[in-house]
Amino acid sequence: MSRRKTERLLNLVVCLLATRRYLTAEQIRRAVPGYPDSDEAFKRMFERDKEELRELGVPLEVGSDQQGGGGEEIGYRIPPQAYELPDIHLSPDEAAVLGLAARVWQRASMAEAASGALLKLRAAGVETDVAAATGIEPRVNTHDPSFPALWEAVRDGRPVAFDYQGIGRTSVARRHLDPWGVVSRRGRWYVVGFDRDRDEQRVFRLSRIVGDVAPDGPPGSVTVPDGVDVRRIAFDWSEPLGEPRPATVRLRRGAAQGPRRWARDVRPVEEPAWDGEWDEAVLTFGDVDRFAPYLARFADDVVVLDPPDLREAVVQHLKSVLAAAGAHPAAAHGEHGEMNGR
C-alpha cells in the first residue's frame, strides 16, 4: 500500500470517527485530503476505499441523519464503540516485553513502525514498562539492503524478482519468488518462499542478493500455503558449501596469529609504503559471509588484497560493527580502509 493511500485511508477513518452524524460522500470529499476533483474519479476511489476499510475490519456504518445536515441522503460514519479496543490488561512481564520490542530494531524504517505501535498503545492507556528491562539491550541486525523491500513484500503478499549470486557462482541469476517470510538464523537473514523459476519452495540468503528487489506482481497475490512453517524451513535448510578459493592478504608482523597458523606462501612485503612491518600470505576459504567476519576480528592487523568480494565484505562488516557501536560510519575508512586502498 502506497504512503499516499495509507494517509488518505487514515484521514478517512479519523473523519468518520470524529462525527456523530452520517457524512455524505460530498462532505467526505471536502473534508478528507487526497481525493481527485473529477466526480467520476472520486466516485471510483471512494468505492475502493470503502471496500478497503471493510476488508481491514473497520465497522463502516451506512445510514441517513435528517437532523445532521445530510437530509435523507445516504451517509457514512464509524461508531466509536464498535471500533475501540476492549480494555487491555498486561502483566509487568508482558509490558516489559512490549517495551523491548519497540527497541529491538536498529534500521530506521523498522524503528519507526515499532515506536509508532508503542505510541498507540500508550495513547490507549497501556503503559509499557521499559524500566523493568534495565540491563537488557536487544538488537536485530538488518543491515542487508534488500531487507526492507522483502519485509514489505511479505507484508503485502506481493511477488518479487531479484538478482542472486549463489555460493561458488561467479555470476548472478534472476530469480522470481513468492515470498512467505523473512527469518533470522545464526545472525544471518533469509527469505523463504516459492521459487517460480524452479517450481518449488526455496530459501535465499539476503546477503547474496545483488542490487534492488523489484515488485513482480500485484499485492495480495501471494498466500502462504496452509501448514507451512517458514521458520522450520529456514532452520532445516542447509547451504551448499562453496568451492575453496585462495585469498591474498597482508598480515602485520607479530600479530594476527590466528590466520598465520594456517596461512601459506608467507613472504615479507618489501614495499616502502608498508614500512617493512607486513607479510603477504595466501589463505584458503569457502564462504565469504563466514570468512569475512573472522578476518574483521583482526581489524588493522589483516588487510585483504584479493578477491574483491572478500575485501568488500570485510570492509562492510567493519562499518556495520562501528555503526552498531555508535561510531560514525566514516570511521570504517580509517587505517584499515586506507591500507586496503594502497
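Under full-length UniProt numbering, the first residue of the sequence shown is numbered 1, with each subsequent residue one higher.
Heads up, the beta-carbon is just placed ideally off N, CA and C, and yes, glycines get one too.
(request) Report yes if the CB atom of G217 is closer than 8 Å to the CB atom of P159, and no otherwise. (result) yes
(message) By DSSP's criteria, F291 is part of a beta bridge. Which residues make up the other side?
(response) Answer by DSSP bridge pairing: none, since F291 is not bridged.
(message) Can you give me the C-alpha to C-alpha distance between L295 and C15, rounded to a whole angstrom?
(response) 57 Å
(request) Look at the alpha carbon of V13 and the alpha carbon of E52, and state the distance between them as a whole number of angstroms. (result) 11 Å
(message) Taking 8 Å as the threshold (C-beta atoms), are R267 and E280 in contact?
(response) yes
(message) Taking the straight line between their C-alpha atoms, what separation do you get for G69 and V58?
(response) Note that G69 scores a pLDDT of 46, beneath 50, so its modelled location is shaky; the value from the coordinates is reported in the next line. Answer to the nearest angstrom: the Cα atoms are 24 Å apart.
(message) Judging by CA-CA distance, which residue of W262, E40, A263 and R252 is the nearest neighbour of E270?
(response) R252
(request) State the start and end residues of the unbroken alpha helix (DSSP H) segment that holds T248. (result) No alpha helix (DSSP H) holds T248; the beta strand (DSSP E) holding it covers R245 to R252.
(request) Compute the distance between the beta-carbons of F298 and A247, then report whether it is under 8 Å. (result) no
(message) Between which two residues does the beta strand (DSSP E) holding W274 run?
(response) Element bounds for W274: n/a, residue is neither H nor E.
(request) Check each candidate in W274, L206, R260 and D309 and name the one with the smallest Cα separation from S171. (result) Among W274, L206, R260 and D309, the Cα nearest to that of S171 is on D309.
(message) Taking the alpha-carbon of R155 as reference, which of V224, T284, R208 and W274 has the nearest alpha-carbon?
(response) V224
(message) Taking the beta strand (DSSP E) that A31 belongs to, which residues open and close that run?
(response) Run containing A31: none in the beta strand (DSSP E); it sits in the alpha helix (DSSP H), A25 to A31.
(request) Figure out for me which residue from D49, P272 and S207 has the closest Cα to the Cα of Q316. (result) Nearest of D49, P272 and S207 to Q316, Cα basis: S207.
(message) DSSP three-state label for W237, please.
(response) Coil, per DSSP.
(request) Take P293 and list the residues in its own chain whose beta-carbon comes closer than 6 Å to its own, dropping the five residues that flank it on each side. (result) H317
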